[in-house]
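Asker: Questions regarding the structure given below will be posed in turn.
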Amino acid sequence: MAAPFPSQPPGPPHSAGAPRQHGVPQRPVEVPAPPTTPPPTASGPTPGGPPPVGGQPYLAGPPNGAPAAPPVPVGPPGAPPAQDPFLEWLRTPRRLAEPGIWAFGYRPKPPEEPERIPTPRLVGGAVVAFLCAWLVWALLSNHYLGNYWQLPLILLTPESWWRDAPSEAARRATHAYRLLIWAALAFIFGRVGHWPELLRRLFAPLLRAMEEHNAAPSRPPATPGADPAEWPELRQAGARDAADRLAHDARAGLMNDVDHARITQAWTSARAQPSRLAAFTDTVLRHGAAACVHPSGARDLPVRIARHDLAVRQVWLGTAADDPRNPYQHRGVGLAVDPGVLGTSLLAVGPPGAGKTARLVGPVVEALCLQALAGQAAVVVVGAAGAGLGPDEAFDVVVKIGRSDSAYDLDLYGGATDADEAGGMLAEALLGDLTLTLPGGESQRASTAIAQLLGPFRVAHGRFPSVPELRELLEGAPSAWLALRKVLEATGQQAHARELDARERQAARPGDIGTVLAERLALLDRPAFADFFKTDGASRPFSLRALEHPVRVRIDLPERGYAEASRLLARLVLAQFAESAVSRADRSLFACLVLDDASHTVTPEALRALQRLRSANAGAVLTLRTLDDVPQALRSALLGAVGCRMAYAGLTTWDGAHFAEVWGKEWVETRDVTDRQIISDEPLTKVLHFIRRVATGKAATAQSVTVRTVERERWSASELAHAVPPGHAVLSLTSVRGHSAPPVLVNLNG
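For what it's worth, this note's numbering labels the leading residue of the sequence shown as 680, then goes sequentially.
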């Protein structure tokens, strides 16, 4: 059973009973299984376990265990029972505002006052207004101003009330009239002294805090149709029995936020294909909250480090600082990201230790893994071994390149069957970082050279060559060429034999690109990688073609001792991801690639690939220590290719200049105050100015204020380098629909 519900209210609950399987046939996850699979226990399969073997139905079969209820939180003695955290999370209203604003319980701020009076001045004015009101009332009540103010009372009341001695009615009327006068004075002087504004500013936060502290647990709506826990969408579609089963599991504590998001996604898919409605309803009736479970059998992650709202697929990043440079509506609100903004790709730049991995990559990867469990996303995260990108149990596939304990291998050709496609991806990995330094057209020549070898080899052997075999062919080893030519001639593949002859003629020319390719490929032809990148079927290669399924993948790169090889592999994964994401037949899942360190990975082809991801329901998250890790000619293009940009504290002014340029300028109102000395020819005025100069040490001056509207940078390079506090970052977001949010200073620890 997963961890209990968190105590913090903004985060959704994430406890659930044991995962179950369901009986609705779905798409298989085409990845090989590890050699051994631990048997399921009473609480279900191991979370994050391996996906089924390719071709196996999407976890079709009976449930493997009864779900267990989560522990009930124990409150103080005599306290009323607390509202179920899951139901409270589900019933909390959400308001989708600008991109990046945390929608959970969001309340828009009132319009900003154009001229906000400072609090000290407001208090002083209110006190002076009160004293004036008290003085006027004292003058009236003590008859210092005469009795004329009582004339309306005498004229509007019967004369008999005032004969001889005032009657009881006259005394009551006098008391009411005095109260009316006092109310009029309070209204007039209250408006002059801004009493309502002072009360609102001083006591509203206190009252709001008291209401939140003493607020009773949220009660369900009176009608089931308005309660999301009653699944009104299913009831309106006629699936009342399924809605009753899900509502029962929700009230019984057997459902969590992942279950709700997963079943909602399955219901949406079933509505799109009416033939699956009956199967969906039958599955929900048999398995309840455990229906439509992920192929791994997991219904939650083993541990969470961030705050999530799977109802709108957001993950919390921090709180917008209450800073004058932030827009008024963003000050003090929570900021989050979701697939709607990650679809435009995100670039984060900051020095080591700024918090890119802990405060950005970790929460984003965790959110995408939760969405994968809900059948909404597929995620591939690439980073150095030991970078802390999540436990192995949180992923379906973990590729540990260069380590003998890796259960999976990486497909060097990305699952491609076409030689030209495979050659293009491999050429991008081998020579992508040298494109700007090589003569024009070398990139296309490299792709063609590799394809001229891959095509004949695949026809001859039914597979692509391994790293040692491809290296021998690129180096022009006579024995390798002769063996390949004999097989082609024996099988009558004359067209591929001509391809091989053309490659042989090009290899004989001086400066052939094959020599450079062989030298770069030698980085992978090392003893540490002897058990990887095999193509003979002896290993368990993972292919990024599985992005059509809700798969969670982590690829560990061997940074220590093999830095150049790691960069080559990062470019290879980026090229394969872009090709696989764009070529997907089913783009309903959001696919995301997370590169924990994108140094020497950004190439001209990679920039074109990032721009294509937006239309393919895919995105990428890239982090850099500095923009110097990107070729100078590509830095501005990189910031323009991504829609979301993040600059951490400690940025250099050189990097800040690029961010300042891409964020542009805005029109602001400035006030210039000028002091000028007062010169007078009057004798008395000269004496007064002399006395003032002797007493204060300053000459008599007068101020002139000039108000202008000027165009100013939103964030200058100097401000980004020196005005961003530690633990903060400046973040700008753009959604796939074109809505953009201005750069906002974010407290990542808030």
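From the three backbone atoms N, C-alpha and C, an ideal C-beta is built for every residue, glycine too.
CB-CB under 6 Å to residue 1418, same chain, minus the five flanking residues each way: which ones, in chain order?
Answerer: For residue 1418, where only same-chain residues beyond five positions count, the Cβ hits under 6 Å are 778.
Asker: When you compare each of 1316, 1393, 1262 and 772 to residue 988 by their alpha carbons, which one comes out closest?
Answerer: Minimum Cα distance to residue 988 is reached at 772.
Asker: Check for me: the beta strand (DSSP E) holding residue 1298 runs from which residue to which?
Answerer: Its beta strand (DSSP E) spans residues 1297 to 1303.
Asker: Is the beta carbon of residue 1051 less than 8 Å from the beta carbon of residue 1231?
Answerer: A contact, by the Cβ cut-off of 8 Å.
Asker: Once you ignore the five residues that flank residue 1296 on each side, which residues in its own chain have a CB closer than 6 Å to its CB?
Answerer: Closer than 6 Å at Cβ, skipping near neighbours: 1266 and 1269.
Asker: For residue 1427, does the three-state DSSP call read helix, strand or coil?
Answerer: In the structure shown, residue 1427 sits in coil (DSSP, three-state: anything other than H, G, I, E or B).
Asker: How many angstroms separate the CA atom of residue 1380 from the CA atom of residue 1368?
Answerer: Answer to the nearest angstrom: the Cα atoms are 10 Å apart.
Asker: Under a Cβ-count criterion, where at least 16 other Cβ atoms within 10 Å of its own Cβ denotes burial, should residue 1294 be classed as buried or exposed?
Answerer: It counts as exposed.
Asker: Out of 1142, 1197, 1127 and 1134, which one is the CA nearest neighbour of residue 1156?
Answerer: With distances taken between Cα atoms, residue 1156 lies closest to 1197.
Asker: Quick check on the DSSP output: what are the complete alpha helix (DSSP H) runs of length 4 or more inside the region 1103 to 1186, in order along the chain?
Answerer: For the region 1103 to 1186, whole alpha helix (DSSP H) runs of length 4 or above, ordered along the chain, are 1121 to 1140, 1146 to 1154, 1157 to 1170 and 1173 to 1186.
Asker: Short of 8 Å in beta carbon distance, which residues of its chain neighbour residue 828, apart from the five on each side in sequence? Order them along the chain.
Answerer: The residues are 819 and 860.
Asker: Using alpha carbons as the reference points, say which of 990, 936 and 1014 lies closest to residue 978.
Answerer: Closest option to residue 978, Cα to Cα, is 936.
Asker: Alpha carbon to alpha carbon, how far is residue 853 from residue 839? Give it in angstroms, no decimals.
Answerer: Computed Cα separation, rounded: 14 Å.
Asker: Would residue 1060 and residue 1221 be called neighbours here (beta carbons separated by less than 8 Å)?
Answerer: Contact flag unset, no.
Asker: State the beta-bridge partners of residue 1218 as determined by DSSP.
Answerer: Residue 1218 pairs with nothing; no bridge assigned.
Asker: If you draw a straight line from the C-alpha of residue 650 to the C-alpha of residue 999, how long is it?
Answerer: Past the boundaries of the shown model lies residue 650; the chain is included only from 680 to 1429, so the question cannot be answered.
Asker: Using the beta-carbon count (16 or more within 10 Å), is residue 826 buried or exposed?
Answerer: By the 10 Å Cβ count, residue 826 comes out exposed.
Asker: Quick one: using the 10 Å Cβ neighbour count with 16 as the cut-off for buried, is residue 1352 buried or exposed?
Answerer: Label assigned to residue 1352: exposed.
Asker: Among 1055, 973 and 1082, which residue has its Cα nearest to the Cα of residue 1017?
Answerer: Closest by alpha carbon: 1055.
Asker: Have a look at residue 1455 and residue 1245 and give me their C-alpha separation to the nearest angstrom.
Answerer: As shown, the chain starts at 680 and ends at 1429. That puts residue 1455 outside it, with no answer to give.
Asker: Inspect the beta-carbon positions of residue 1259 and residue 1224 and report whether they are closer than 8 Å.
Answerer: Contact flag set, yes.
Asker: Quick check: the region 966 to 976 against the region 916 to 928, are there 3 or more CB pairs under 8 Å?
Answerer: Cβ pair count under 8 Å is three or more, so yes.
Asker: Residues in its own chain within less than 7 Å of residue 1415 by CB, not counting five upstream and five downstream?
Answerer: Contacts found: 1019, 1022, 1023 and 1293.
Asker: At which residue ranges does the region 1394 to 1419 contain complete alpha helix (DSSP H) runs of 4 or more residues, listed in the order of the chain?
Answerer: Qualifying alpha helix (DSSP H) stretches, in chain order: 1396 to 1401.
Asker: Exposed or buried, which one is residue 1401 when buried takes at least 16 other CB atoms within 10 Å?
Answerer: So residue 1401 ends up on the exposed side.
Asker: Along the chain, which unbroken stretches of the alpha helix (DSSP H) at least 4 residues long are found entirely within the region 830 to 882?
Answerer: Within the region 830 to 882, the complete alpha helix (DSSP H) runs of at least 4 residues are 830 to 834 and 847 to 872.
Asker: Nearest CA to the CA of residue 917: which residue from 880, 907, 957 and 928?
Answerer: Selected option, being the one with the closest Cα: 957.
Asker: Would residue 652 and residue 985 be called neighbours here (beta carbons separated by less than 8 Å)?
Answerer: Residue 652 falls outside the range modelled here, since the chain spans only 680 to 1429, and no answer is possible.
Asker: Is it true that the region 1386 to 1402 meets the region 1298 to 1318, where meeting means three or more beta-carbon pairs spaced less than 8 Å apart?
Answerer: Output reads no: the region 1298 to 1318 does not touch the region 1386 to 1402.
Asker: What are the boundary residues of the beta strand (DSSP E) that includes residue 1383?
Answerer: First-last of the beta strand (DSSP E) with residue 1383: 1380 to 1392.
Asker: Where does the unbroken alpha helix (DSSP H) through residue 1440 begin, and where does it stop?
Answerer: Residue 1440 lies beyond the range of the chain shown here (680 to 1429); nothing can be said about it.
Asker: Buried or exposed for residue 732, going by 16 or more other Cβ atoms inside 10 Å?
Answerer: Bear in mind that a pLDDT of 27 at residue 732, under 50, signals an unreliable position, so the model cannot answer this.
Asker: Decide if residue 1083 is buried, meaning its Cβ has at least 16 other Cβ atoms within 10 Å, or exposed.
Answerer: With fewer than 16 other Cβ atoms within 10 Å, it is exposed.
Asker: Quick check on residue 1013: does DSSP put it in helix, strand or coil?
Answerer: Note: residue 1013 maps to strand in three-state DSSP.
Asker: Is residue 1430 helix, strand or coil when you go by DSSP?
Answerer: Given a span of 680 to 1429 for the chain in the structure shown, any question on residue 1430 remains unanswerable.
Asker: Please report the distance separating the alpha-carbon of residue 798 from that of residue 1346.
Answerer: Cα to Cα, the separation comes out at about 27 Å.
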